[in-house]
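Read the structure below first, then the notes.
Protein chains in written order, with UniProt numbering: chain U, 1 to 131; chain D, 1 to 131; chain G, 1 to 131; chain R, 1 to 131; chain S, 1 to 131; chain E, 1 to 131.
Following this line, the structure appears as structure tokens:
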């Protein structure tokens, strides 16, 4: 039901093949998920997205699992069903337990609720919170 | 500029006074921020929100700093300026360094971007991601 | 801070003057708020918006106060600060009491929370809910 | 397609069983919809959500049907398909006629439109709307 | 799965029949898509929406293809799957090539990303950008 | 009121200085706006964002003004006030006339309205719109 066709391996441009090989190597699996097959129509966008994603999601001051959970939280607030599915799977693959998942959901729900209350009341920012 | 008046200490109902005292004790400061002063018009909502927030944000399978960063991510996707200010301050108070903040911002930006790409292409969920 | 200038009465086109007169007559006040002064740069949009607003917000199967509260709820979920301010004022003018306002806020917060939980869990629609 | 499995009756914890019994009693039906079955993985969240929902949606200064329509409006602005389905069904069960539904849709559409116009023009809040 | 039934041609009111005939004439096809069949329950809303859509999307200072692409961009940010499908189809019918589509997607992704970064940092508007 | 301090020229890292020089050269002005000064705390994010923005917004199958208008539309649906201000200014600098601006606003408003109607009715995608 996508608005662009998902590209099969034998339809890819040389540049897209290269990115797909990097995705396979980084993840240790032959499977390349639909997002990349949709993006492959635009090899420059495919390359830029993969390169930046790899850099952003790498271990750093935050560990990769925390980053996946933040990704999932943003995707939820943006109602991106595909993203929620793929980043829930990724978070589990990186060690998110059922208990961690439940707490993550609770924080998302809590944030949504108070976002709504604060916005509806148009509460002014306290001076104490200003940099 | 709020759409409800912020309540001063001497205007609070008995139930609201009790919640304010709990907030002060939990945080170790006399200062009670504007969100609670706006919410205090409805003591039942104030009590329910504080009780649930305390439970949800407590240490558990996820540590409180991770929870603050998830809260900040949701608040950003929902464009809640007040919430972004207050939870950035809270995350810093719980140990978020400049480097962690920068990585959090990068993940939020990345998630927003791919949320947009996926949604615009209406990519179908891979079977591999289904529970 | 608007991205279009607010138009003063003596700058209006003839068509815009006519709409402003209708707004004043319908509301029983000389005051025309900023939204209409921003929209007046495009008299066709001004006319279409005012005509449709008048029809949609008129008493019908739902009473005008209920409509204002629905308007406020949508504006909150869309983070439209101006709209929240103007429709809170309009709801109060139409009889929204403090107690009604508090209950409205509680429903908005509850809906936001469960929207987040449902979306994060990607719950499938029950057959019982399908038309 | 949910990212958590829907729990069957014989998998529930004692605390979840108790909440399910309350849901059945309150609604006068054996049927418990998918949202609660997804939430049942976290009995504390299940309990907190059900308790607060019951309190918030009870008759008060606003009648329950008005509350359902506000819920539906928020769910629409947040693109929560499941929530739209379940709260449309609930609103109908509480007496929403076709005519009321049509007017509700018209108000939601109108609010979305003017939210977009106001935000795109960044109209400043009138002093008259400030508390 | 809609929350209102799609109306068949032989169920339409006289006013709805008239709008459907205008849609068919304007588009040069007998096919009337689901949106209009859902909206037909409320002939006044159907009429108002069609009339305004026709006026807004007509050639003017912006050409119709640009308008379709803007429509698609807004629908993406609002996660309206139906709207994304229908306006992608409409944009292609009006001449959007694969290359234009790819560039449009890239701009949407870029805007989403920087929207997230700016909002998370709560950057203040430069004086230079104020009207 | 930002949650990160805006960096002055004499506080920038060498990598940030380099990006600022490229921004100045590309735009033919000494002025560097607040977004970049906030982003400069993370030189890698600054570099990645500037490089991708330059590539995405360059003339191609779509002209730069169309791209600015799409950017503005997305920023509006995401309620990013700063982004709306900066991209309205950029669109004007690239030739957006008052008439084009008015038509852009009308399309955004129309899209928002029908997004709301379609979502509230959960209209199913026509087979004719599927790729």
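No residue lacks a Cβ here, since even glycine has one placed at the ideal position from N, Cα and C. Note that this is a predicted model, so its numbers are computed, not measured.
Within the 8 Å Cβ cut-off, does residue i reach chain D?
i	result
residue 4 of chain R	yes
residue 68 of chain G	no
residue 17 of chain R	no
residue 109 of chain S	yes
Tell me the rounded alpha-carbon separation between residue i and residue j.
i	j	result
residue 52 of chain E	residue 102 of chain D	18 Å
residue 30 of chain S	residue 4 of chain S	22 Å
residue 14 of chain R	residue 57 of chain D	25 Å
residue 12 of chain R	residue 40 of chain R	7 Å
residue 82 of chain U	residue 80 of chain R	14 Å
residue 73 of chain R	residue 104 of chain R	8 Å
residue 198 of chain E	residue 99 of chain D	It is not possible to answer for residue 198 of chain E, since the shown part of chain E is limited to 1 through 131.
residue 26 of chain S	residue 76 of chain U	39 Å
residue 38 of chain E	residue 6 of chain G	30 Å
residue 191 of chain E	residue 114 of chain R	Past the boundaries of the shown model lies residue 191 of chain E; chain E is included only from 1 to 131, so the question cannot be answered.
residue 123 of chain G	residue 33 of chain R	10 Å
residue 84 of chain R	residue 116 of chain S	26 Å
residue 112 of chain R	residue 112 of chain E	5 Å
residue 22 of chain R	residue 59 of chain R	18 Å
residue 44 of chain U	residue 61 of chain D	40 Å
residue 17 of chain E	residue 42 of chain E	12 Å
residue 92 of chain E	residue 64 of chain E	11 Å
residue 10 of chain G	residue 54 of chain S	31 Å
residue 24 of chain S	residue 106 of chain R	24 Å
residue 145 of chain R	residue 28 of chain U	Any question about residue 145 of chain R goes unanswered here, given that chain R covers just 1 to 131.
Check whether chain U comes within 8 Å of residue i, counting only Cβ atoms and requiring the distance to be less than that.
i	result
residue 86 of chain G	no
residue 124 of chain S	no
Residue i versus chain G: which residues are under 7 Å apart at the beta carbon?
i	result
residue 112 of chain U	112, 113, 115, 116
residue 99 of chain R	61
Indicate the three-state DSSP secondary structure (helix, strand or coil) for residue i in the structure shown.
i	result
residue 31 of chain G	coil
residue 58 of chain S	coil
residue 90 of chain S	helix
residue 79 of chain G	coil
residue 68 of chain E	helix
residue 112 of chain G	helix
residue 12 of chain G	coil
residue 97 of chain R	coil
residue 4 of chain D	coil
residue 85 of chain D	helix
residue 122 of chain R	coil
residue 42 of chain S	coil
residue 74 of chain E	helix
residue 131 of chain D	coil
residue 51 of chain D	helix
Run through chain D and tell me which residues come within less than 8 Å of residue i, C-beta to C-beta.
i	result
residue 48 of chain R	52, 55
Taking residue i as the query, report the chain R residues whose CB atoms sit under 8 Å from its CB, ordered along the chain.
i	result
residue 105 of chain U	42, 45
residue 93 of chain G	By Cβ distance, chain R contributes nothing, its closest Cβ being about 11 Å from residue 93 of chain G, past 8 Å.
residue 102 of chain U	41, 42, 45
Can a CB atom of chain G be found closer than 8 Å to the CB of residue i?
i	result
residue 121 of chain U	yes
residue 26 of chain R	no
For residue i, which residues in chain G fall below 8 Å Cβ to Cβ?
i	result
residue 154 of chain U	For chain U, the structure presents residues 1 to 131; residue 154 of chain U sits outside this window and is missing.
Let's test the definition: count the other Cβ atoms within 10 Å of the Cβ of residue i and tell me whether it reaches 16, buried, or not, exposed.
i	result
residue 68 of chain E	buried
residue 95 of chain D	exposed
residue 192 of chain U	There is no way to answer for residue 192 of chain U, as the model of chain U reaches only from 1 to 131.
residue 2 of chain R	buried
residue 97 of chain R	exposed
residue 48 of chain R	buried
residue 128 of chain R	exposed
Which residues in chain R sit within 7 Å of residue i, going by Cβ to Cβ distance?
i	result
residue 76 of chain E	116, 119, 120
Find the residues of chain U that neighbour residue i, judging by a C-beta separation of less than 8 Å, and give them in chain order.
i	result
residue 128 of chain D	31, 33, 89
Is the shortest distance between the beta-carbon of residue i and the beta-carbons of chain S less than 8 Å?
i	result
residue 73 of chain E	yes
Quick one: list the residues of chain D neighbouring residue i, beta-carbon separation under 7 Å, in chain order.
i	result
residue 38 of chain U	121, 123
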